[in-house]
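For reference, the structure is listed below as structure tokens.
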Amino acid sequence: MARKKRQKKTSSLSSVTTFARRFSIGCVAIIVLVLVIQTIGRLGPNGDTPTSKESYPYLDATNGYGDLPVEELETLLLDPASNPAFALENRFGEFPLTANVYKVEQPRETFGAVEKAQTVAERLEFEGNFTKLSEQELEWKTPTRSLEFNKVLRKWDFSVDLINDEAALEEHVINPDLDIYITEATSLLSELGILRVTGSSSTTKAYFMRLNGGELEQVSSPTQAQFVQVHISLKKEIVSTKEFVIIGGERVENEKLPIDGIVNKYENPLVGSAVMLLSDRAAGLDDLYGFGFTEWRTESGSEVYDIVSVDTAWERIQDGQGILRSLQSENSGIYDEYVPLNVARFVTSQENVSLGFFEFNQYKEYQTPYFIFEGRAELVNGGDANFMFFVDALKR
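Okay, so the sequence shown: first residue is -7 according to our numbering, each after it adds one.
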């Protein structure tokens, strides 16, 4: 009888021990689950971006302009037979969760604009006063050269009749070092007082060009070229940083740097905001054969808005919501007429994704951020092309 009681007591202790063990395991599991959920909550869409307002290194959203309009943008059409796949060669890198929006100044004539244009005309050796083409447009002209200036839009257009201009018809020797022309182009714009740019405020490209049937065409070597065309694309701060952040309860100096975005021409992203045509040694204004630039000014300061994740932007491209603005086969020039291509696959990688802005030929009230995806388009015929997709970055 005593033995049975001891067995019953031992069985009861065993049950209590088992229950306690299971209870402890359950508590630990719940604690781990809570910690995992909290950790995920602190991570951004890429799994590595802190979203805590105190530790987030970039400026928080202000939404100061209210709800912003959605621009109706056109996308380049592919060959109707296209049914492209999309491929990412590696994982997307970290992107901020907010970005800047700028308000563009309403175009208007500014004090001294006409006098400034007259000075530029004299530097380019135009004699006399301008002719009015309209209430806004002024022109200085010789038989083979003209300078047009829109005093409201602050739009400059200096052109030379390359077929009939005596200096343009001379034999030109082009230096193979394109950097020489890039340096001189930025220097001349500054010298004329039209645009002051630095390496940190712009990005530049240069192309060998020649005259063919009265039109400029891109060529591959200096021996084929008569001119060099320099494209200057402006950069603007697209993501701004806080001075201090809170890490582990302590206020520390923010080590993150602001991020600049390129301002892309909507009509052709391969063309710069400012375009210069130079020749020979590019040693001064005598070697300048044309330039064009429209100065779109933005109000001082900006407002900050939440943006979608880079993964969401990539998914939108695959869902047909991306804006294809450039698709250029390997042998085509920047001004070649677009021909729809039959694309088998669009391929991008993390180093080919950035944030940037659009610049339009016509006035738009706001400059808003876009994700820009560049990469390789594999064609059905076996060739390759370069592409640029844009996706509205604002979280709406």
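For each residue, glycine too, the CB sits at the ideal point set by N, CA and C. Given the structure is predicted, the values throughout are model-derived calculations rather than measurements.
Inset, instruction - Provide the residue span of the alpha helix (DSSP H) that contains Trp132, from first to last. - result: Careful: Trp132 lies outside any alpha helix (DSSP H), inside the beta strand (DSSP E) at Glu129 to Lys133.
Inset, instruction - Measure the Cβ-Cβ separation of Phe382 and Arg317 and say whether it is below 9 Å. - result: yes
Inset, instruction - Pick out the complete alpha helix (DSSP H) segments inside the segment 290 to 372, 4 residues or longer, and give them in chain order. - result: 302 to 310
Legend entry - Beta-carbon separation (whole angstroms), Pro250 vs Ser232, contact threshold 8 Å: 5 Å
Legend entry - Secondary structure of Ser179, DSSP reduced to three states: helix
Legend entry - Buried versus exposed, by CB contacts within 10 Å (16 or more), Ala369: buried
Inset, instruction - Specify, as a first and last residue, the run of the alpha helix (DSSP H) that Arg390 falls within. - result: Residue 390 falls outside the range modelled here, since the chain spans only -7 to 388, and no answer is possible.
Inset, instruction - Please say whether Gly56 and Val300 have beta carbons closer to each other than 9 Å? - result: no
Legend entry - Chain-order list of residues whose beta-carbon lies under 8 Å from that of Gly367 (same chain, five-residue window excluded): Phe338, Val339, Thr340, Ser341, Asn344, Asn378 and Phe379
Inset, instruction - Would you mind stating whether Ile364 and Asn256 have Cβ atoms separated by less than 9 Å? - result: yes
Inset, instruction - May I ask which residues mark the beginning and end of the alpha helix (DSSP H) holding Arg115? - result: Ala105 to Arg115
Inset, instruction - Would you kindly work out how many angstroms separate the C-alpha atoms of Val24 and Leu65, rounded to a whole number? - result: Legend: pLDDT at Val24 = 43, less than 50; position of this residue unreliable, no value from coordinates given.
Legend entry - Rounded C-alpha distance that separates Val220 from Ser47: 48 Å
Legend entry - Residue span of the alpha helix (DSSP H) that contains Leu161, given as start and end: Glu158 to Leu161
Inset, instruction - Output the distance between the C-alpha atoms of Glu97 and Tyr358, rounded to the nearest integer angstrom. - result: 9 Å
Inset, instruction - Determine the contact status of Leu130 and Val106, defining contact as a CB-CB distance below 9 Å. - result: yes
Inset, instruction - Might you give, ordered along the chain, the residues of its own chain that have their beta carbon closer than 8 Å to the beta carbon of Phe118, omitting 5 neighbours on each side? - result: Trp132, Lys133, Thr134, Arg137 and Leu139
Legend entry - Between the CA atoms of Val335 and Pro76 - distance to the nearest angstrom: 6 Å
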